[in-house]
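Residue numbers (mature numbering (1 follows the signal peptide of the UniProt record, and there is no 0)): -32 to -1, 1 to 275.
Glycine included, C-beta positions come from ideal geometry on N, C-alpha and C.
Predicted, not measured: the structure shown is a model, and the values here were computed from it.
Notes to accompany the following structure.
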Amino acid sequence: MFGNLAIYRVIRPFTLALACLASLAASPCAHAAGERAQDYRGGRTQDIVCGEMNLRFYGVELTSGSTGVVARAGGKVLFRAEAAFGGYDLGQAQVLRDFPARGATTLLVSVGNGGSCCTETHILTRGDTGMAYAGVTSNRSRAGAEQRADDPAGALFCHDGFFANYYVSDGKADIIMYPGSHAAVERFLVFDNGHWRADRPGEFRERYLALADADMRACADPAGYLRAQPGLRAVPGDQLREMAGEVRLCKAVEAAYHAMMAGESAEQCLARLNAALPPSHSLLAPKVLADVRKAVAGFNPVERRRI
């Protein structure tokens, strides 16, 4: 079985590469009003000053070189971020005014290693109680954390990478998930009591219910879901049908995850899995549910400290 699985893992990313387009198209990524740090060049304020290779953010000094970014606070290294392709332009860092709350200012420095994995986002937030730092790593090429216009107020969008390379089997049927075969499982970061943390089940109930319901609709008509994606309209029908089977399995897992984050009980999430999975995969539902519970409970992507 594992020999066949090894072959499968080689060929499936190519078959499902187009499905990644569907995932990206279905996931909104519009940013709310942020400003590039380079717009502060010349000292628009003395709290935020951006030069050619350096950036000062409320006393934190960031410098960029050929290998990446180094940030120092009080003479001590706060973080180092290795960058690909000759370094990182600090002028592209995002300054978010009145975020996550009125009177606060947040700096997002997202540095990628140049491949499909990974991107680090370093978050500096200046608020009433001082400066807080958080570091988040994404297993996607997109930012580890980002602000999007339609997300909950004061929250940062991020991904849970638990299912980035996922395999479960009962000996007769299996589910295999790759970054290119399914949309990112959504999570959010919340600024609470002076630091950033992962959101909790039920905290953004309506948002997660909407995601879970959309996942269920995709399971009911995976081919229709794929045909609705602009990047896949030219894909031949037989290839689309093959992709649809994989998408149904992935969306079933995502539906259970998002439902649990909405605050639904384990029994309700299992009912969603039983409805979403094809009969051939029904025996996998309890195993998937156990992994969903593990993923939700174990999600803690934030390295944080006060400055």
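Can you tell me whether Met228 is helix, strand or coil according to DSSP? helix
How many angstroms separate the CA atom of Gly103 from the CA atom of Val79? 11 angstroms
Which one of Pro190, Gly2, Ala72 and Leu58 has the shortest CA to CA distance from Ala117? Gly2
Drop a sphere of 10 angstroms on the beta-carbon of Pro(-5), count the other beta-carbons inside from all chains shown, and report buried for 16 or more, exposed for fewer. The predicted position of Pro(-5) is uncertain, since its pLDDT is 33 and thus under 50; a value taken from the coordinates is nonetheless stated next. Pro(-5) should be labelled exposed.
Does the stretch 188 to 196 come within contact of the stretch 150 to 162, defined as at least 3 CB pairs closer than 8 angstroms? no
Under the DSSP definition of a beta bridge, which residues are partnered with Asn22? Thr31
Excluding the five sequence neighbours on either side, which residues of its own chain have a C-beta within less than 8 angstroms of the C-beta of Gly162, listed in chain order? Gly95, Thr97, Gly98, Ala100 and Arg274
In terms of alpha-carbon separation, which member of Asp183, Pro247, Gly19 and Asp181 lies closest to Gly33? Gly19
State whether the stretch 244 to 260 contacts the stretch 136 to 145, with contact taken as three or more CB pairs (one from each stretch) at a distance under 8 angstroms. yes
Check the Cβ-Cβ distances between Leu179 and every residue of chain C, and say whether any is below 8 angstroms. This model lacks chain C altogether; it includes just one protein chain.
Please name the residue in Leu30, His226, Val63 and Pro68 whose C-alpha comes closest to that of Gly122. Pro68
Would you list, in sequence order, the uninterrupted alpha helix (DSSP H) runs of no fewer than 4 residues that lie entirely inside the stretch 128 to 192? 173 to 188
Which same chain residues, not among the five before or five after Phe172, have their C-beta less than 7 angstroms away from its C-beta? Pro120 and Phe156
What would DSSP say about Val203, mapped onto helix, strand or coil? coil
Within this structure, are the beta carbons of residue 277 and Gly112 separated by less than 8 angstroms? The structure shown does not extend to residue 277, since the chain is modelled only from -32 through 275, so no value can be given for it.
Buried or exposed for Lys219, going by 16 or more other Cβ atoms inside 10 Å? buried
Should Glu222 go down as buried or exposed, given a rule of 16 or more other Cβ atoms within 10 Å for buried? buried
Report back the beta-carbon spacing between residue 304 and Leu76 to the nearest angstrom; my notes put them in contact at under 8 angstroms. The requested residue 304 does not occur in the structure, where the chain is confined to residues -32 to 275.
Return the CA-CA distance between Leu(-12) and Glu214, expressed in angstroms with no decimal places. Residue confidence is low: Leu(-12) scores 39 on pLDDT, short of 50, so the model does not pin down where it sits. Its coordinate-derived value is still stated next. For Leu(-12) and Glu214, the distance between alpha carbons rounds to 14 angstroms.
Own chain, CB closer than 8 angstroms to Phe267, minus 5 neighbours either side, in chain order: Asp128, Phe130, Arg155 and Ala166
Close beta carbons around Arg261, own chain, < 8 angstroms, minus the five adjacent residues each side: Met228 and Ala234
Thinking Val37 and Tyr56 are a contact (beta carbons under 8 angstroms), I'd like their distance in whole angstroms, please. 5 angstroms
Let me know the secondary structure DSSP gives Arg261 once reduced to three states. helix
Residues near Asp66 by beta carbon distance below 8 angstroms, same chain, minus five either side: Ala72 and Thr73
On the DSSP bridge assignment, give the partners of Val63 in chain order. Glu3 and Leu75
Who are the Cβ neighbours of Pro147 in its own chain at under 6 angstroms, not counting the five residues just before and after it? Ala132
Exposed unless 16 or more other CB atoms sit within 10 angstroms - verdict on Arg216: buried
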